[in-house]
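Per this note's numbering, the sequence shown starts with residue 1, numbered consecutively.
Quick reminder that beta carbons are idealized off the backbone N, C-alpha and C, glycines included.
Notes to accompany the following structure.
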Amino acid sequence: MAMLQIIYTSRATQPLDKQTLRELVADASRRNRDLGVTGVLYCSDDVYLQVLEGDEKAVLVLYSDILRDERHQDIHTVAIRPIDSRDFANWSMGLVDAVSEPIDLGNVLNRDRDRAGIWNHANWQTILNTVRAELEMIEP
Numbered sequence: 001m002a003m004l005q006i007i008y009t010s011r012a013t014q015p016l017d018k019q020t021l022r023e024l025v026a027d028a029s030r031r032n033r034d035l036g037v038t039g040v041l042y043c044s045d046d047v048y049l050q051v052l053e054g055d056e057k058a059v060l061v062l063y064s065d066i067l068r069d070e071r072h073q074d075i076h077t078v079a080i081r082p083i084d085s086r087d088f089a090n091w092s093m094g095l096v097d098a099v100s101e102p103i104d105l106g107n108v109l110n111r112d113r114d115r116a117g118i119w120n121h122a123n124w125q126t127i128l129n130t131v132r133a134e135l136e137m138i139e140p
């Protein structure tokens with residue numbers, strides 16, 4: 001079974017308070033568990049970074065739902081890549097809404113639709129490593 005990872009950023013169409021965000025993540029976590037999808041959601045103000053990973057078909061179906069979700073705007077697909085192992089295997093949907101060192105997504109969100117080489121130039125792996133390190137301090 002081929003596995004896929006999709007990483008994207010978006011902005012919220014409306015701000016979410018912490019309770020609403022946690023409820024949304026709990027619902028997503030249940031759905032993802034049923035689909036065998038794992039991942040993480042990082043949010044800072046109205047900016048979101050999400051990683052989805054799992055069976056290729058399940059991840060693509062889930063992402064197509066997200067692309068149609070009216071709670072998102074300015075969706076930028078950062079990476080769609082095959083993976084051998086999951087970065088967030090213990091999380092049906094981990095939530096990181098506070099980090100020790102702020103993650104600056106500003107320069108990667110304002111790339112004027114530059115798609116070529118965005119993975120390397122934007123230091124996305126460093127960003128994922130930072131999010132993963134924050135999740136390791138939280139119980140799944």
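When you compare the CB positions of residue i and residue j, do they come within less than 7 Å of one another, or not?
i: residue 96; j: residue 62; result: no
i: residue 56; j: residue 89; result: no
i: residue 32; j: residue 85; result: no
i: residue 30; j: residue 74; result: no
i: residue 127; j: residue 78; result: no
i: residue 71; j: residue 13; result: yes
Which residue's Cα is closest to the Cα of residue i: the options?
i: residue 5; options: 27, 125, 54, 35; result: 54
i: residue 17; options: 68, 52, 46, 83; result: 46
i: residue 135; options: 81, 52, 80, 42; result: 42
i: residue 69; options: 132, 133, 28; result: 28
i: residue 83; options: 76, 64, 51; result: 51
So what does residue i bridge to, in DSSP terms?
i: residue 83; result: 3
i: residue 39; result: 52
i: residue 11; result: 47, 73
Would you please verify whether the beta carbon of residue i is less than 7 Å from any beta carbon of chain B?
i: residue 58; result: The chain labelled as chain B is not found in the depicted structure, where only one protein chain is given.
Round the Cβ separation of residue i and residue j to the nearest angstrom and send it over; I've been treating them as touching at under 8 Å.
i: residue 94; j: residue 40; result: 4 Å
i: residue 48; j: residue 9; result: 6 Å
i: residue 132; j: residue 87; result: 6 Å
Using DSSP with H/G/I as helix, E/B as strand and the rest coil, what is residue i?
i: residue 125; result: helix
i: residue 116; result: In this prediction, residue 116 scores a pLDDT of 45, lower than 50, which makes its location untrustworthy; the coordinate-derived value is nonetheless stated afterwards. DSSP places residue 116 in coil when its eight states are reduced to three.
i: residue 95; result: strand
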